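Everything below concerns the one structure shown next.
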Amino acid sequence: MRILVVEDDLALASYIQKGLVAEHHAVDTAADGEQGRSMAIGIDYDLVVLDLNLPKVDGLSVLRGLRQRKASLPVMILTARSKVEDRVQCLDSGADDYLAKPFSFLELSARARALLRRSHLPSESVLKVRDLNLDRIERRVERGGRPIELTTKEFALLEYMMRNAGRRLTRAMIIEHVWNLTFDSTTNVVDVYINYLRRKVDDGFPIALIHTVRGVGYQLSAEGGMA
Amino acid sequence: MSAGAGSFSRLPCDQEVLGELLHSLSQPLTSLRCSLELSIDDLAEQQQQTVSTALLQTDAVIGMIQLMREYLDADQRPAHHPVALMPVLRSVMEDISSIAAVRSIRIHVAGTCASEIRVAEPRLRLAFQYLILAMIERQPAGSAITLFLGEGPAGALLRARCDRPLGVLETGPFGNASGNARLKRDSIGATIRRVRMAIAVRILAGAGAFLAFDDGAPGFVLRIPRSCGVKPGSSSSI
Numbered sequence: 064m065r066i067l068v069v070e071d072d073l074a075l076a077s078y079i080q081k082g083l084v085a086e087h088h089a090v091d092t093a094a095d096g097e098q099g100r101s102m103a104i105g106i107d108y109d110l111v112v113l114d115l116n117l118p119k120v121d122g123l124s125v126l127r128g129l130r131q132r133k134a135s136l137p138v139m140i141l142t143a144r145s146k147v148e149d150r151v152q153c154l155d156s157g158a159d160d161y162l163a164k165p166f167s168f169l170e171l172s173a174r175a176r177a178l179l180r181r182s183h184l185p186s187e188s189v190l191k192v193r194d195l196n197l198d199r200i201e202r203r204v205e206r207g208g209r210p211i212e213l214t215t216k217e218f219a220l221l222e223y224m225m226r227n228a229g230r231r232l233t234r235a236m237i238i239e240h241v242w243n244l245t246f247d248s249t250t251n252v253v254d255v256y257i258n259y260l261r262r263k264v265d266d267g268f269p270i271a272l273i274h275t276v277r278g279v280g281y282q283l284s285a286e287g288g289m290a
Numbered sequence: 038m039s040a041g042a043g044s045f046s047r048l049p050c051d052q053e054v055l056g057e058l059l060h061s062l063s064q065p066l067t068s069l070r071c072s073l074e075l076s077i078d079d080l081a082e083q084q085q086q087t088v089s090t091a092l093l094q095t096d097a098v099i100g101m102i103q104l105m106r107e108y109l110d111a112d113q114r115p116a117h118h119p120v121a122l123m124p125v126l127r128s129v130m131e132d133i134s135s136i137a138a139v140r141s142i143r144i145h146v147a148g149t150c151a152s153e154i155r156v157a158e159p160r161l162r163l164a165f166q167y168l169i170l171a172m173i174e175r176q177p178a179g180s181a182i183t184l185f186l187g188e189g190p191a192g193a194l195l196r197a198r199c200d201r202p203l204g205v206l207e208t209g210p211f212g213n214a215s216g217n218a219r220l221k222r223d224s225i226g227a228t229i230r231r232v233r234m235a236i237a238v239r240i241l242a243g244a245g246a247f248l249a250f251d252d253g254a255p256g257f258v259l260r261i262p263r264s265c266g267v268k269p270g271s272s273s274s275i
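Line by line, the protein sequences are chains A and B. Quick note on the working numbering: the first sequence kicks off at 64 and runs consecutively. Quick note on the working numbering: the second sequence kicks off at 38 and runs consecutively.
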């Protein structure tokens with residue numbers, strides 16, 4: 064996929080570019096709103112990652128201009144503003160997603176994937192990783208043909224991990240997406256639920272799908288180790 | 038001290054200064070977080086361990102900055118459409134009950150209430166989350182928390198009861214009427230809990246509600262006067 068990153072902080076822009084290139088995207092950068100607007104309109108991108116505070120033309124003006132010319136182009140806003148009102152204004156102006164700084168690259172990457180998937184592929188009703196299947200409509204999970212009973216939260220956690228299979232997920236990302244809570248370093252609920260899932264999903268199978276990523280969090284991967 | 042007319046723009050108030058500093062801090066912190074994350078795979082195992090530790094510390098700083106922002110934003114009072122209390126409380130409980138279960142704490146929600154409050158829905162969620170999480174964290178394993186949301190003649194009432202007092206008066210932040218937090222220098226976890234409660238108090242007070250801790254029994258009572266919102270189907274407003 065081809066992605067445009069409009070960010071005037073050159074260090075941050077280069078880190079985002081490096082990370083997205085490592086995920087096999089083609090990435091261009093623009094350092095101000097004028098250049099960003101011109102590139103976004105003139106080149107066929109799959110996604111625009113747009114900072115709000117930009118020199119020459121601010122991000123919100125770029126976004127409004129883009130919406131008039133390319134209504135379906137996914138746009139993710141990056142901003143240091145985090146108030147509810149800022150978020151509402153961005154979404155009302157046509158942003159598809161909004162990521163407040165400071166953020167982790169993993170979070171940006173996960174959201175970019177979600178936007179690209181939404182715009183290019185129909186939503187999958189059944190997620191599959193190796194012999195593990197999760198039916199989002201029927202709310203059924205089975206591995207190797209064996210049904211697995213999950214609680215609501217366990218199901219939501221497994222669905223989030225399967226949607227991001229092969230990607231590292233931080234505890235903060237998991238608690239924000241699955242529990243809808245701001246990250247709380249004082250609770251171990253993520254670790255506890257990962258253990259619950261491991262018992263149900265990996266125990267008794269020769270290959271473990273859920274892995275701990277030291278210093279980061281967890282990953283569900285088809286390239287499993289021994290259970 | 039005097040300054041020539043027009044030589045300075047208006048000096049920002051404390052809240053604006055802090056807001057600007059946090060805003061400025063977020064940019065280099067994002068670069069730092071991303072650079073650590075993206076470098077870790079290129080390092081030898083021993084260096085990975087060092088960078089992993091640095092990542093965890095960076096996340097802790099990011100968490101603190103988010104709390105500071107939430108605290109600064111908590112008492113903003115722009116006009117909002119009224120939000121129904123019960124659906125937000127039930128939605129928060131769906132997320133939090135699993136955290137309580139991990140600590141072997143049972144939570145019951147009871148009552149019926151159609152009242153609303155004029156506050157942004159995400160802020161109301163945050164206030165409920167922080168209040169209930171604070172209760173959970175103070176309770177011993179095997180205990181129970183009961184939440185009752187109902188309506189009285191003056192407005193809505195959320196009564197939360199638990200086994201162990203929340204100890205808010207001992208810990209300081211809400212001990213004085215002005216709401217200025219007096220935080221002890223103790224563990225980060227305890228500080229986070231108290232700041233979160235301070236955020237909840239500011240959000241709810243900003244919407245015109247009244248919160249009392251350990252009032253007669255362990256827990257809290259939240260009173261939401263009728264004037265804080267409107268009843269469904271009513272055209273009244275503040």
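Where a beta carbon is used, it is the ideal one built from N, C-alpha and C, also for glycine. What you are looking at is a predicted structure, and each value in this text was computed from that prediction instead of being measured.
- Reduced DSSP secondary structure (H/G/I, E/B, other) of Arg209(A): strand
- Query: So is Val88(B) in contact with chain A if we call contact Cβ pairs under 9 Å?
  - Reply: yes
- Message: So, with DSSP's three-state summary, where would you put Leu83(A)?
- Response: helix
- Through-space distance from Leu203(B) to Gly209(B), alpha-carbon basis: Bear in mind that the predicted position of Gly209(B) carries a pLDDT of just 37, short of 50, making it too unreliable to give a figure here.
- Task: Going by CA-CA distance only, name the one from Leu59(B), Arg198(B) and Arg239(B) that's closest to Phe250(B).
- Result: Arg198(B)
- Task: Please decide whether Gly278(A) counts as near chain B, where near means a Cβ-Cβ distance under 9 Å.
- Result: yes
- Task: Starting from the Cα of Val125(B), find the closest Cα among Gly56(B), Ser135(B), Ile102(B) and Ala164(B) and give me that residue.
- Result: Ala164(B)
- Nearest-angstrom beta carbon gap, Leu260(A) and Glu212(A) [assumed within contact, 8 Å]: Not confirmed; about 12 Å, so no contact.
- Item | CA-to-CA distance, Leu109(B) to Gly56(B), given in whole angstroms | 7 Å
- Could you please give the first and the last residue of the uninterrupted beta strand (DSSP E) stretch that includes Gly189(B)? Ala181 to Gly189
- Message: Below 7 Å on C-beta distance, what does Asn243(A) contact in chain B?
- Response: Asp132
- Assigned secondary structure, Phe268(A) (DSSP; H/G/I helix, E/B strand, else coil): coil
- Hey, is Arg127(B)'s beta-carbon within less than 9 Å of any beta-carbon in chain A? no
- Paired residues, beta bridge with Val120(B) - DSSP: Ile154(B)
- In terms of alpha-carbon separation, which member of Asp79(B), Leu59(B) and Val146(B) lies closest to Arg144(A)? Leu59(B)
- Task: For Arg175(B), return the contacting residues in chain A, with the cut-off set at a CB-CB distance below 9 Å.
- Result: The contacting residues do not exist; Arg175(B) stays about 12 Å from chain A at best.
- Message: Contact criterion: CB-CB distance below 9 Å. Does Ser72(B) meet it with respect to chain A?
- Response: yes
- Helix, strand or coil for Arg130(A), going by three-state DSSP, please let me know. helix
- Query: Looking only at C-alpha atoms, which of Ser152(B), Ile261(B) and Pro255(B) sits nearest to Ile240(B)?
  - Reply: Ile261(B)
- Applying the criterion that 16 or more other CB atoms from any shown protein chain within 10 Å of the CB defines a buried residue, is Ala219(A) buried or exposed? buried
- Message: Please tell me whether Tyr256(A) has its Cβ less than 9 Å away from any Cβ of chain B.
- Response: yes
- Item | DSSP bridge partner residues for Gly192(B) (one or two, in chain order) | Gly189(B) and Pro262(B)
- Message: I'd like to know if the stretch 196-213 of chain A and the stretch 121-132 of chain A are in contact, where contact means that at least 3 CB-CB pairs between them fall below 8 Å.
- Response: no
- Residue of Asn196(A), Tyr256(A), Gly82(A) and Ile238(A) minimising C-alpha distance to Ala228(A): Asn196(A)
- Taking Tyr161(A) as part of the beta strand (DSSP E), name the residues at either end of that continuous run. Asp160 to Ala163
- Rounded to whole angstroms, what's the CA-CA distance from Asp78(B) to Ile133(B)? Just pull it up for me. 34 Å
- Item | Secondary structure of Ser72(B), DSSP reduced to three states | helix
- Item | Helix, strand or coil at Gly278(A) according to DSSP, with G and I counted as helix | coil
- Would you call the CB atoms of Glu86(A) and Ser172(A) closer than 9 Å? yes
- Query: If you compare alpha carbons, which of Ser68(B), Arg160(B) and Arg175(B) is closest to Thr106(B)?
  - Reply: One point to set straight first is that residue 106(B) is Arg, not Thr, in the sequence displayed. Of the listed residues, the one whose Cα sits closest to Arg106(B) is Arg160(B).
- By Cβ distance below 6 Å, which residues in the same chain neighbour Ile104(A) in space, the five residues on each side in sequence not counted? Arg132
- Message: Let me make sure I understand the geometry here. Which of Gly100(B), Arg233(B), Arg140(B) and Leu186(B) has the alpha-carbon closest to that of Gly179(B)?
- Response: Arg140(B)
- Item | Per-residue burial, Leu73(A) [other beta carbons within 10 Å of its own, 16 or more giving buried] | exposed
- Who are the near neighbours of Val88(B) in its chain, counting only those whose CB is closer than 7 Å to its CB and skipping five residues on each side? Leu73, Ser76, Ile77 and Leu80
- Would you please state the rounded distance, in angstroms, between the beta carbons of Leu141(A) and Leu169(A)? I believe it to be under 8 Å. About 15 Å; that fails the 8 Å criterion.
- Cα-Cα separation, Ser224(B) to Ala244(B): 31 Å
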